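Numbering (this note's numbering), first residue to last: -10 to 239.
Remarks on the structure that follows.
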Amino acid sequence: VRVVDLTRVIAGPTCTRFLAGYGADVVRVDPRGFEEVTSLLPETTLGKRCAALDLRSPDDRIAFEELVAGADVLVCGLRAAALERLGYGHDRLRTLNPDLIIARENAYGWEGPWVDRRGFDSLVQMSCGIADRERASDGAPGALPVQALDHATGWLLGAAVAQALTQRLVDGRVATIHASLVGMANLLWSLPVPDVEAAPTSLDEIPPVERSTHWGPARVVGPAAGVDGAPQVWAYEAGPLGRHQPRWSN
């Protein structure tokens, strides 16, 4: 399975890291000279080849279109109109590859006045009511203890892509998937709240694992979820952006 990865920060990269862990050939594409939050790279580039293209350059557009034409999946974390402005809207992508599964995630959903609004986990928590519900005893706005919207969106988007690949194999239907951080916020808040507070997770439950990275060995928390009997294995160590060629492996 070949995956074009046009994602940033946490949510989208969590999805594509999950797919890479189960054998997908993932090529992450960033603009030339793009700088991601450095502390995220050891987690968000794991298992991927990372290329750089300027989609305003004719030569780089050709390279990008060759990637799309050879892909099974495109995962995009850009705002709704970002690809369209570059000339790669839904119809153009399907013209390049009629069998392409398109999976997209954004901050504020896919319809309404905020569809093209920039945002990330903490901002969505502030704007959708979580900060109000999590207020401290002194009345100060609160937040979830982790970037739960990002991670949950990424995991479920990865599961949706896996389901779409199965569907395409069974009956030939090609899916377009939309997810959002605000949609995940609504889903999480719709779940029942336990009567008792959960005990803290111990290292015995999620033991640290040793990984090699471009920067040296690292000791990290293992995957939070997976498939029984199918351990995740990553073909490429985490490393800097833009260090690979924008082409598929033979």
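We put the CB at the ideal spot given by N, CA and C, even for glycine.
Model, not experiment: these values are computed from the prediction.
When the distance is taken between beta carbons, is S111 closer than 9 Å to A132? yes
For R(-9), which residues does DSSP report across the bridge? D14
Do H203 and P220 have their beta-carbon atoms positioned less than 9 Å apart in this structure? no
Give the straight-line distance between the Cα atoms of R240 and L89, rounded to the nearest whole angstrom. Only positions -10 to 239 of the chain appear in this structure, which leaves residue 240 out of reach.
When the Cα of G172 is compared with those of G22, C4, N95 and I51, which residue comes out closest? N95
Quick one: measure Cβ to Cβ for P235 and L42, integer angstroms, because I've assumed they're closer than 8 Å. 6 Å
Of the residues V(-2), G161, V16 and E32, the one placed nearest E25, counting alpha carbons only: V(-2)
For V135, tell me which candidate among E100, A148, A120 and S126 has the shortest Cα-Cα distance. A120
Going by C-alpha to C-alpha distance, which of D160, V(-10), L30 and G1 sits closest to L138? G1
Between A153 and R6, what straight-line distance do the alpha-carbon atoms span, to the nearest angstrom? 17 Å
Near A207, which residues of its chain fall below 7 Å by C-beta distance, leaving aside the five closest residues on each side in sequence? P31 and R200
Name, in chain order, the residues that DSSP records as bridge partners for I90. V62
Considering only their Cβ atoms, is the gap separating G215 from V198 smaller than 9 Å? no
Are the segment 4 to 18 and the segment 69 to 86 touching, with three or more C-beta to C-beta distances below 8 Å? no
Rounded to the nearest angstrom, how far is the Cβ of V57 from that of T(-4), given a contact under 8 Å? That pair is no contact at about 15 Å.
Between the beta-carbon of D19 and the beta-carbon of G231, is there less than 9 Å? yes
Please classify S126 as buried or exposed, where buried requires at least 16 other C-beta atoms within 10 Å of its C-beta. exposed
Spatial neighbours of W99 within its chain, please: CB distance less than 7 Å, with the 5 preceding and 5 following residues excluded, ordered by chain position. A69, H167 and S169
Give me the DSSP bridge partner(s) of N95. S169
Measure the beta-carbon distance from I51 to T165 and round it to whole angstroms, keeping in mind my assumption that it falls under 8 Å. In fact, because the Cβ distance is near 25 Å, the residues do not count as touching under 8 Å.
Pick from A227, D(-6) and T3 that is closest to A148, judged by C-alpha positions: T3
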